[in-house]
Amino acid sequence: MKPPEPFTWFVDRSLGRKIVLDLRAAGFHVEEHADHFAHNALDAEWLGEAGRRGWVVLTKDKAVRRNALELAAILTAEVACFSLGTGNLKSEQMAQAFITARRRMEKALRRFDPAMTASVTVTGHVRVLMAASQLLAQPRDIK
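Just so you know, we're using my numbering here: the sequence shown kicks off at 247 and counts up by one.
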């Protein structure tokens, strides 16, 4: 099932806490990891809960797409997950990447069924890698 609109964006702890303020200031409805889970909660735990609640995950942890347990949680809970293509950014840069990508991320959420994973570049480009629980033979760039 597609996440309900308006979208709720779940900010993974890997992004830090400052990004939450920046995204909220830009009009994102944000749920923060620290408000719902222990700092050391397993990724598979919070991914599953985010999916059950219909939250869209924002992260910089690319391993979330590759780790078997985390991928299983994404598939089982039909998570929609956007991860930054590079993790070596300052908080403001990460926030700006997601803010710039927002229209494209929302377009991807409307177009593709979960489980869905996509990458977000520092310039705000979005590439869908998995949709409807299937890896795409040709990743889709969202314009």
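For glycine and all other residues, C-beta sits at the position ideal for the given N, C-alpha and C.
Nearest to residue i by CA position, among the options, is which residue?
i, options, result
"I320", "K306, R357, H279 and M362", "M362"
"S440", "R356, A326, D359 and L288", "An answer regarding residue 440 cannot be provided, because it is not within the stretch 247 to 389 covered by the chain."
"L267", "K308, G300 and E338", "E338"
"V303", "E277, K264 and G262", "E277"
"M247", "L261, G297 and A271", "G297"
"N313", "P360, D289, R263 and G300", "D289"
"M351", "F274, T322, K264 and K336", "F274"
"V372", "D387, K264, A378 and D359", "D387"
"N286", "K336, K264, I265 and R259", "R259"
"L261", "L335, S379 and L382", "L335"
Classify residue i as helix, strand or coil using the three-state DSSP reduction.
i, result
"A361", "coil"
"H279", "helix"
"L382", "strand"
"V368", "coil"
"M376", "strand"
How many angstroms separate the CA atom of residue i from the CA atom of residue j?
i, j, result
"D281", "E324", "22 Å"
"R349", "V374", "14 Å"
"R357", "K389", "12 Å"
"E251", "T305", "20 Å"
"G294", "A318", "9 Å"
"A272", "P385", "28 Å"
"L315", "P249", "22 Å"
"W301", "T254", "5 Å"
"M376", "L269", "25 Å"
"V368", "A347", "9 Å"
Is the shortest distance between the beta-carbon of residue i and the beta-carbons of chain B less than 7 Å?
i, result
"A377", "Of the chains in the structure shown, none is chain B; there is only one protein chain."
Touch check for the region 343-355 and the region 320-332: three-plus C-beta pairs under 8 Å?
Flag = yes, the region 343-355 and the region 320-332 touch.
For a minimum of 4 consecutive residues, which ranges assigned as the alpha helix (DSSP H) are wholly contained in the region 307-356?
Uninterrupted alpha helix (DSSP H) stretches at least 4 residues long and entirely within the region 307-356 occur at 314-322, given in chain order.
Segment contact, 8 Å Cβ cut-off, at least three pairs: the region 269-287 with the region 309-318
With the cut-off at 8 Å, the region 269-287 and the region 309-318 do not touch.
Whole runs of the beta strand (DSSP E) within the region 257-304, excluding any shorter than 3 residues:
Segments of the beta strand (DSSP E) lying fully in the region 257-304: 275-278.
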